[in-house]
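*Asks:* One structure coming up, written as structure tokens, with questions to follow.
Numbering (this note's numbering), first residue to last: 7 to 143.
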């Protein structure tokens, strides 16, 4: 399961190292030190992903509060929707940049909770609804 989840989240190294650890685990001829070494490499990759995710979760103030009516908001929402569709962790960072523009509409909090808890399916649906409202406006 870890390999599949890692691949879905874009953590290619974790997926690759998980597959390698599984291969060692299922190899009866494997050296006794092969599994601990494979698990150690996997642990290091997981630590890197964890650190990266925490850095993405740190608040950023890239967009000014006055940018609530950005003309390219629809494009940025579409980009976020694409990242969410692919379960890409970059959606966290992308959302953080969009948060100030969404704050005035009161949409940022619910979407933020969905993105930050990695509930990308719900977040994608919310973004889709936002885009539909923008198109009909």
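All residues carry an ideal CB built from backbone N, CA and C; glycine is no exception.
When you compare only the Cα positions, how much space is there between residue 118 and residue 51?
*Replies:* 26 Å
*Asks:* Any contact of the segment 129 to 141 with the segment 83 to 101, i.e. 3+ C-beta pairs under 8 Å?
*Replies:* yes
*Asks:* Using only alpha-carbon positions, find the residue among 40, 39, 96 and 8 that is nearest to residue 25.
*Replies:* 8
*Asks:* From residue 116 to residue 40, what does the alpha carbon distance come to, in whole angstroms?
*Replies:* 45 Å
*Asks:* Under three-state DSSP, which class holds residue 123?
*Replies:* coil
*Asks:* Thinking C-alpha only, which one of 100, 96, 114 and 94 is nearest residue 82?
*Replies:* 100
*Asks:* Roughly how many angstroms lie between the CA atoms of residue 23 and residue 141, to the nearest whole one?
*Replies:* Distance between the alpha carbons of residue 23 and residue 141 is about 44 Å.
*Asks:* Which of the three DSSP states is assigned to residue 39 in this structure?
*Replies:* coil
*Asks:* Using the Cβ count rule (16 or more neighbours within 10 Å means buried), how would you classify residue 31?
*Replies:* exposed
*Asks:* When you compare only the Cα positions, how much space is there between residue 105 and residue 91?
*Replies:* When rounded, the distance between both Cα atoms is 19 Å.
*Asks:* With distances taken from CA atoms, which of 28, 57, 103 and 56 is nearest residue 78?
*Replies:* 103
*Asks:* Would you give the residue range spanned by the alpha helix (DSSP H) that residue 90 belongs to?
*Replies:* Residue 90 -> alpha helix (DSSP H) spans 79 to 91.
*Asks:* Over what stretch of residues does the alpha helix (DSSP H) that includes residue 19 continue unbroken?
*Replies:* 18 to 32
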